[in-house]
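> Please read through the structure below; I'll follow up with questions.
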DNA sequence: TCTTTTCATTATCATTTGATAATAAAAAGA
DNA sequence: TCTTTTTATTATCAAATGATAATGAAAAGA
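Residue numbers (the UniProt record's numbering), protein chains in the order written: chain U, 1 to 142; chain P, 1 to 142.
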């Protein structure tokens, strides 16, 4: 197995991952949230609270555009904003209860698809999957 | 390891894959091609020739919008078009030499990043990676 | 033949996203 | 204090994408 062939496999694999995750988060379409806004909400799920600057960095968006999308999310009641008392220039954003429940719905649907995929697999197979995830994460995907 | 925890790992893993591939195809920014147009070119790389309908299906784009983007790619000289003699309603699209070389550049850069990642890994480790790719592809990502 | 269906294209319009300049407020530093 | 830097926001404008109606040409079917 030369590097070239392995690279081709990695490309094909990444393509599969994209396809499946795109399919899994298909449920977002029903919600009143654009793809960029969804990425912001997803980021807020794992890092709360966050400032506009942090979001801009991690979601790869300019600060003015981040500010605009955050305003829209506030208007939709999906997140909350509060000043940072330690540095009053900074604004701290969190998911609102509505935002939490929206993301909960989306993830529940994704997890349901996942459960279907792994239904009927043995304990050993699941452990092999876990090992494979960690191996690829460490060695290939950063 | 319960299903819930494994699902979390899959989500985190997918996120890593997205991040790394996004970084790898960063070179596209320098080329005069939009993200949607890039997806079409990438699809044409693996399936040539293709009709607008097939592209529309696989790239998740309406047929009129597919037609518009194909026209732009033709204007940029990145693909070629020919009627299907067996069914003259159908149009067959292929990458042009310029399109081929563009995709070649992008993939060469991505492969370079990949080579850096796997530099210094032993033959056994590479084989384990290959096995992990196939396992996850078969069991989790479709 | 005549009608219907399929495939592709053009033309619009609305929305989303990206890029940039200008402004304001708070903090940091001279 | 006064100046500079950082953080966030608003306001515009351009470009990309999504959605839909209308049209034409070829194929399929009655």
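Cβ coordinates follow ideal geometry from the N, Cα and C atoms, glycine included.
Using CA coordinates, which residue listed in P:114, P:43, P:83 is at the minimum distance from residue 66 of chain P?
For the residues P:114, P:43, P:83, the minimum Cα distance to residue 66 of chain P belongs to P:43.
> By the 8 Å beta-carbon criterion, what residues does the segment 34-45 of chain U contribute toward chain P?
Listed by position, the residues of the segment 34-45 of chain U near chain P (Cβ gap below 8 Å) amount to none.
> What residue range does the beta strand (DSSP E) around residue 92 of chain U cover?
From DSSP, the beta strand (DSSP E) with residue 92 of chain U extends over 91-95.
> Can you give me the Cβ contacts of residue 39 of chain U inside the same chain, cut-off strictly under 6 Å, excluding the 5 residues immediately before and after it?
Result list for residue 39 of chain U: 59, in chain order.
> Quick check: the Cα distance between residue 105 of chain P and residue 34 of chain U, rounded to an integer number of angstroms?
Going by the C-alpha atoms only, they are around 32 Å apart.
> Which partner residues of residue 81 of chain P appear in the DSSP bridge assignment?
P:93, per the DSSP bridge assignment.
> Measuring only between beta-carbons, confirm whether residue 51 of chain U sits less than 8 Å from chain P.
False, the Cβ-Cβ gap to chain P never drops below 8 Å.
> Threshold first: 4 residues or longer. Then list the alpha helix (DSSP H) segments lying entirely within the UniProt domain "HTH marR-type" (3-138) of chain P, N to C.
Listed in chain order, the complete alpha helix (DSSP H) runs (minimum 4 residues) inside the UniProt domain "HTH marR-type" (3-138) of chain P are 3-24, 35-46, 52-59, 63-75, 97-118.
> Starting from the beta carbon of residue 132 of chain P, find every residue of chain U whose beta carbon is closer than 7 Å, and list them in chain order.
The answer, in chain order, is 132, 135, 136.
> Under a CB-based cut-off of 8 Å, is residue 121 of chain P close to chain U?
Residue 121 of chain P counts as touching chain U.
> Using 8 Å as the limit for Cβ to Cβ distance, is residue 118 of chain P near chain U?
Yes, contact with chain U.
> Please check if any C-beta of chain U sits within less than 8 Å of the C-beta of residue 139 of chain P.
Yes, residue 139 of chain P counts as interfacial toward chain U.
> Under a CB-based cut-off of 8 Å, is residue 128 of chain P close to chain U?
Answer yes: the Cβ-Cβ gap between residue 128 of chain P and chain U drops below 8 Å somewhere.
> What whole-angstrom Cβ distance do residue 224 of chain P and residue 36 of chain P have, given they're in contact under 8 Å?
Shown here, chain P extends from 1 to 142; a query on residue 224 of chain P therefore has no answer.
> Write down the C-beta distance between residue 27 of chain P and residue 111 of chain P rounded to the nearest angstrom, noting that I regard them as a contact closer than 8 Å.
Wrong, their Cβ atoms sit about 11 Å apart, outside the cutoff.
> From P:41, P:139, P:126, pick the residue whose C-alpha is nearest to that of residue 100 of chain P; which is it?
Comparing Cα positions, the closest option is P:41.
> Would residue 133 of chain P and residue 9 of chain U be called neighbours here (beta carbons separated by less than 8 Å)?
Closer than 8 Å, so yes.
> Only counting the same chain, and skipping five residues up and downstream in sequence, which positions put a Cβ closer than 8 Å to that of residue 102 of chain P?
Cβ neighbours of residue 102 of chain P beyond the five flanking positions: 31, 33, 41, 78.
> Could you give the C-beta distance for residue 72 of chain P and residue 96 of chain P, rounded to a whole number, given that I count them as a contact under 8 Å?
Actually they are not in contact, since the Cβ atoms of residue 72 of chain P and residue 96 of chain P sit about 13 Å apart, beyond 8 Å.
> Return the CA-CA distance between residue 90 of chain U and residue 62 of chain U, expressed in angstroms with no decimal places.
Each residue's Cα considered, the two are about 16 Å apart.
> Return the Cβ separation of residue 6 of chain U and residue 130 of chain P in integer angstroms, given the expectation that the two are a contact with Cβ distance under 8 Å.
At roughly 6 Å, the Cβ-Cβ gap stays under 8 Å, so residue 6 of chain U and residue 130 of chain P are in contact.
> State the Cα-Cα distance for the pair residue 54 of chain P and residue 141 of chain P, rounded to the nearest angstrom.
Cα to Cα, the separation comes out at about 22 Å.
> Could you tell me whether any Cβ in chain U is nearer than 8 Å to the Cβ of residue 115 of chain P?
True, the Cβ-Cβ gap to chain U drops below 8 Å.
> At a CB-CB cut-off below 9 Å, which residues of chain U make contact with residue 6 of chain P?
Near residue 6 of chain P (Cβ distances below 9 Å), the residues of chain U are 114, 118, 126, 129, 130, 133.
> Residue 21 of chain U to residue 48 of chain U, Cα distance in whole Å?
Each residue's Cα considered, the two are about 23 Å apart.
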